[in-house]
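Engineer: Below you'll find the structure I mean.
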Amino acid sequence: MVTRLSFAGVIGRVFIWSFLLCLVVVVVYPLTWMVLNGFKTNTELFGNPFALPLQWDWGNYAAAWNRGVSNYLTTSILVTVTSTIATVFISAWAAYGLTRVDIPFSRTWSTIILGGLMLAPTVALVPLVKMFQSMGLYNTFWALLILYTAFRIPFTTFLIRAYMIDLPREVDEAAEVDGASRWTAFWRIILPMCKPIIISTIILHILFAWNEYLFAMVFTSGTDVQTLPVGLTSLMSKHGTDYPVVFAGMVIAALPVVVLFFACQRYFIKGLADGIGK
Amino acid sequence: MLLTQPSKPVEGATAALTAAAPPPRTPRRRGARRLVGLSWIMPAVVVLAVFVYLPLVQNLGFSTIEWDIYSGSQVFIGADNYVKLAGDPIFWSSLGNNVLYAVISLAVQVFGAIALAAVIESIRSDRWRRGLRAVYFIPSAISLTVAGLLFYFIYEPNLGLLNHLLDGIGLGAWAQPWLGQESTAMIAIIVMSQWQGFGYSTLLFAVAIQRIPSELYEAASIDGIGPVRRFFTITLPLVREMTGLMIIVTISGAFQVFNEVMVMTSGGPNNSTQVLGTWLYRNGFVRNDFGYAAAIATVIFVVTLGIALVQLWINRRRRVEW
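Below is the structure:
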């Protein structure tokens, strides 16, 4: 490859690299500031926002933990794990039924399930509140589990279905010849073959459920059922003047997903690409 | 954001049909088997029918009712809520804010992101490419709530980074109560949202650019075509599909904005940062005017469904063209 290092080329390259590095600072500096503020005292925070904390004190983290963050974290983990399991299984079944089982009105069912992709959750908010109140599920863990599952089934089914369609037909025929039931064929053969897309959907669902705010805010109010995003805003309104504790809570909320991202970056990127590019 | 991603839902239905299982022996057994087959999709269908479609239909009914949840009184008022909507200046300014959101997000998170992704992918070092993509993505992983709170503090007049930074570089006169005044609050929120979201779309465009065969770029540079022209003649046309998708997702997302506004200003000061989602929330759950909130929800429904249908239509047409 021939590299021409003309004057304009050099200027261009310097310009581009300064821009890219400036952008890195714009992204990283506020995040660093957030982490550092979690270690400061209120006086330090108001004194000079750029200064480093005088001592690395974990007190704010402990305070945040004791003022509800431990509860929020537990609920977030519980809601995320259960809704991921429910969504992925229900969607995988549906995708299997739509692509590899002979069912009447298959086309109509596809439209009903995947059509849900076009509907914004905000639109259903008012009736859902009424419904959950009358069912006695308002302000419970179940409300979030149900909503996070229901509103993610179309998208998750869409992804798994697109993958299952491409699996060779012979697989099912071989299973049938071997006398395997549909149930066995699904669990033993098709589902394992779909592992890459299942991992992608799990990651996308975790990212969604961990960070979801609208439903969590409208459907829960007690400390024991609130998830981290809503819990953080209550921490803020309850202890509004004790900012370093809020910063500590923000770091606790942000850390798991950031760690997850760096730990399985490859799957993460693949998941995001699958999620939108198919 | 991905929740309502309006992807091509119906087109796969034909593929599902043609992919049906081989014809079994007798017609009667086949009929019974086909009914049993329905059990695979029933959990999904039932959950969607009860918790997604039913509320959607109910919402239309609710929007024709004057409702008080505490007294429980319901009066049918026909289209009155929509008439009220048409005369509500805050509804129109909310809609305007959603449009502003959409326009700025399109510029930054679609067109800005394509350019940024192209620049990143042109870097020779694999480590730098991966590193930059990952760093830019972090804000998208930390959630809008955390990002919103963080920027609430950055914009804060006393301890905030922004005013101190302006002070530090001698522009102290520019310091503002960014979220506290009508003239800057909406823009401040939108800027935060771009900070949070640009890495996400950049990552997606980077993936799309990686799928372009490198021979095209090599051939072009041998012909002496510079990087800017390569961008316009190779990259841009070949990521067209992703661009179309991102435009739809971005516009649709802009009309569902809720989280960041709620966290940073709750629609204030003086309702200047209300968007459709927060205005719905305020009317339905603070003022308990469920009927009016349902009418706002119908507007969001029409707009987002319209955008999704446009996308479906574009997909169909492109299919025919090819």
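Protein chains in written order, with my numbering: chain A, 101 to 378; chain B, 11 to 332.
Each residue gets a CB set at the ideal place from its N, CA and C atoms; glycine is no exception.
Please compile the residues from chain A whose C-beta is within a distance smaller than 8 angstroms of the C-beta of Asn325(B).
Structural biologist: In the second sequence, counting from the first residue as 1, residue 325(B) sits at position 315. Simply none; closest approach about 12 angstroms.
Engineer: Express the C-alpha separation of Phe308(A) and Ser176(A) in angstroms, rounding to a whole number.
Structural biologist: Residue mapping note: residue 176(A) aligns to position 76 of the first sequence, counting from 1. Residue mapping note: residue 308(A) aligns to position 208 of the first sequence, counting from 1. Between Ser176(A) and Phe308(A), the C-alpha separation is close to 11 angstroms.
Engineer: Where in the stretch 161 to 238 of chain B do unbroken runs of the beta strand (DSSP E), each at least 3 residues long, occur, reported from the N-terminal end onward?
Structural biologist: Taking only runs of at least 3 residues, no beta strand (DSSP E) segment lies wholly in the stretch 161 to 238 of chain B.
Engineer: Mind checking which residues open and close the alpha helix (DSSP H) that includes Gln84(B)?
Structural biologist: The count along the second sequence starts at 1 and reaches residue 84(B) at position 74. Per DSSP, Gln84(B) belongs to no alpha helix (DSSP H); it is in the beta strand (DSSP E), 84 to 86.
Engineer: When the distance is taken between beta carbons, is Asp272(A) closer than 7 angstroms to Arg207(A)?
Structural biologist: Against the first sequence, residue 207(A) aligns to sequence position 107. Against the first sequence, residue 272(A) aligns to sequence position 172. Not closer than 7 angstroms, so no.
Engineer: Rounded to whole angstroms, what is the Cα-Cα separation between Val169(A) and Leu247(A)?
Structural biologist: Position 69 of the first sequence, counted from the start, is the residue given in the question as residue 169(A). Position 147 of the first sequence, counted from the start, is the residue given in the question as residue 247(A). Whole-angstrom Cα-Cα distance: 23 angstroms.
Engineer: So that I know if they touch, is there some Cβ in chain D lying closer than 7 angstroms to that of Gly371(A)?
Structural biologist: Absence of chain D from the displayed structure is noted, the protein chains being A and B.
Engineer: How far does the alpha helix (DSSP H) with Ile298(A) in it extend, from its first residue to its last?
Structural biologist: As a position in the first sequence, residue 298(A) is number 198, starting the count at 1. Taken as a continuous stretch (DSSP letters only), the alpha helix (DSSP H) holding Ile298(A) covers 295 to 311.
Engineer: By the three-class DSSP mapping on this structure, what secondary structure does Trp77(B) have?
Structural biologist: Here residue 77(B) corresponds to residue number 67 of the second sequence, with the count starting at 1. Three-state result, Trp77(B): strand.
Engineer: Report the rounded CA-to-CA distance for Arg239(B) versus Ile299(A), giving the unit in angstroms.
Structural biologist: The count along the second sequence starts at 1 and reaches residue 239(B) at position 229. The count along the first sequence starts at 1 and reaches residue 299(A) at position 199. Straight-line Cα distance between these residues: approximately 39 angstroms.
Engineer: Between which two residues does the alpha helix (DSSP H) carrying Asp278(A) extend?
Structural biologist: Walking along the first sequence from the start, residue 278(A) turns up at place 178. Looking at the DSSP string, Asp278(A) is not in any alpha helix (DSSP H), and its letter there is neither H nor E.
Engineer: Which full runs of the alpha helix (DSSP H) of 4+ residues lie inside the stretch 258 to 309 of chain B, going along the chain?
Structural biologist: Whole alpha helix (DSSP H) segments, 4+ residues: 269 to 274, 286 to 291.
Engineer: Give, in chain order, every residue of the stretch 306 to 326 of chain A whose Cβ lies closer than 8 angstroms to some Cβ of chain B.
Structural biologist: Cβ contacts with chain B: Leu307, Phe308, Trp310, Asn311, Tyr313, Leu314, Met317, Val318.
Engineer: Closer than 8 angstroms is the cut-off here; do at least three beta carbon pairs connect the stretch 238 to 256 of chain A with the stretch 309 to 329 of chain B?
Structural biologist: As far as the Cβ criterion goes, the stretch 238 to 256 of chain A does not touch the stretch 309 to 329 of chain B, which means the pair count is below three.
Engineer: Assuming Leu225(A) and Pro254(A) make a contact with CB atoms under 8 angstroms, what is their CB distance in whole Å?
Structural biologist: For the purposes of this step, residue 225(A) is taken as residue 125 along the first sequence, with counting starting at 1. For the purposes of this step, residue 254(A) is taken as residue 154 along the first sequence, with counting starting at 1. Wrong, their Cβ atoms sit about 17 angstroms apart, outside the cutoff.
Engineer: Is it true that the stretch 188 to 196 of chain A meets the stretch 259 to 268 of chain A, where meeting means three or more beta-carbon pairs spaced less than 8 angstroms apart?
Structural biologist: Short answer: they touch.
Engineer: Mind checking the stretch 278 to 289 of chain A against chain B and listing, in chain order, the residues whose C-beta falls within less than 9 angstroms of any C-beta there?
Structural biologist: Answer in chain order: Arg282, Phe286.
Engineer: Please classify Ala89(B): does DSSP put it in a helix, a strand, or coil?
Structural biologist: On the second sequence, position 79 is the one that residue 89(B) refers to. In the structure shown, Ala89(B) sits in coil (DSSP, three-state: anything other than H, G, I, E or B).
Engineer: Between Ala198(B) and chain A, is any beta-carbon pair separated by less than 7 angstroms?
Structural biologist: Reading the second sequence from its first residue, position 188 is the one you call residue 198(B). It does not: the Cβ of Ala198(B) has no partner Cβ on chain A nearer than 7 angstroms.
Engineer: In chain B, which residues lie with their C-beta within 7 angstroms of the C-beta of Ala250(A)?
Structural biologist: Within the first sequence, numbered from 1, the residue matching residue 250(A) stands at position 150. Per Cβ cutoff of 7 angstroms: Val57, Leu58, Phe61, Val62.
Engineer: Could you tell me the distance, in whole angstroms, from the CA atom of Leu315(B) to the CA atom of Ile51(B)?
Structural biologist: Along the second sequence, read from residue 1 onward, the residue named residue 315(B) stands at position 305. Along the second sequence, read from residue 1 onward, the residue named residue 51(B) stands at position 41. Each residue's Cα considered, the two are about 24 angstroms apart.
Engineer: Give a yes or no on whether the C-beta atoms belonging to Met350(A) and Leu172(B) are separated by under 7 angstroms.
Structural biologist: Mapped onto the first sequence, residue 350(A) falls at position 250. Mapped onto the second sequence, residue 172(B) falls at position 162. No.
Engineer: Give the residues of chain B in contact with Tyr343(A), contact being defined as C-beta atoms less than 8 angstroms apart.
Structural biologist: Numbered from its first residue, the first sequence carries residue 343(A) at position 243. The contacting residues are Phe163, Leu169.
Engineer: Checking contacts by CB at 7 angstroms: is Pro187(B) closer than that to chain A?
Structural biologist: Stepping through the second sequence from its first residue, residue 187(B) is reached at position 177. For Pro187(B), the answer is no, since every Cβ of chain A falls outside 7 angstroms of its Cβ.
Engineer: So, is the C-beta of Gly216(A) closer than 7 angstroms to a C-beta in chain B?
Structural biologist: As a working note, residue 216(A) is residue 116 in the first sequence. So, interface residue.
Engineer: Can you tell me whether Leu142(B) is helix, strand or coil according to DSSP?
Structural biologist: Working through the second sequence from its first residue, we reach residue 142(B) at position 132. Looking at Leu142(B) - three-state DSSP - the assignment turns out to be helix.
Engineer: Whose Cβ in chain A lies nearer than 9 angstroms to the Cβ of Met272(B)?
Structural biologist: Within the second sequence, residue 272(B) is the residue found at index 262, counting from 1. Here the neighbours are Tyr313, Leu314, Met317, Thr333.
Engineer: Let me see if you follow: with CB-CB separation under 7 angstroms, is Phe146(A) close to chain B or not?
Structural biologist: Against the first sequence, residue 146(A) aligns to sequence position 46. Answer yes: the Cβ-Cβ gap between Phe146(A) and chain B drops below 7 angstroms somewhere.
Engineer: Is it true that the CB of Glu131(B) sits closer than 7 angstroms to the CB of Ala216(B)?
Structural biologist: For this step, residue 216(B) is matched to residue 206 along the second sequence. For this step, residue 131(B) is matched to residue 121 along the second sequence. Against a cut-off of 7 angstroms, the Cβ pair of Glu131(B) and Ala216(B) comes out as a contact.
Engineer: Taking 7 angstroms as the threshold (C-beta atoms), are Leu226(B) and Ile244(B) in contact?
Structural biologist: The sequence position of residue 244(B) within the second sequence is 234, counting from 1. The sequence position of residue 226(B) within the second sequence is 216, counting from 1. Yes. Within cutoff.
Engineer: Tell me whether Val358(A) sits in a helix, a strand or coil according to DSSP, three-state version.
Structural biologist: Taking the first sequence and counting its residues from 1, the one referred to as residue 358(A) is at position 258. Note: Val358(A) maps to helix in three-state DSSP.
Engineer: Residues of chain A with CB closer than 7 angstroms to the CB of Phe121(B), please, in chain order.
Structural biologist: Within the second sequence, residue 121(B) is the residue found at index 111, counting from 1. Those within 7 angstroms of Phe121(B) in chain A number zero; the least Cβ separation is about 16 angstroms.
Engineer: Comparing C-alpha positions only, which one of Met317(A), Val358(A), Thr341(A), Lys370(A) sits nearest to Tyr172(A)?
Structural biologist: As a working note, residue 172(A) is residue 72 in the first sequence. Nearest option by C-alpha distance: Met317(A).
Engineer: Going straight from the alpha carbon of Ala373(A) to that of Ile75(B), what length do you get?
Structural biologist: The residue labelled residue 373(A) in the question sits at position 273 within the first sequence. The residue labelled residue 75(B) in the question sits at position 65 within the second sequence. The straight-line gap from Cα to Cα measures roughly 43 angstroms.
Engineer: Could you spell out the range, first to last residue, of the alpha helix (DSSP H) harbouring Thr132(A)?
Structural biologist: Here residue 132(A) corresponds to residue number 32 of the first sequence, with the count starting at 1. Residues 107 to 137.
Engineer: In this structure, how does DSSP classify Ser336(B) when only helix, strand and coil are distinguished?
Structural biologist: In the structure displayed, chain B extends from 11 to 332; residue 336(B) sits before or after that span and is not available.
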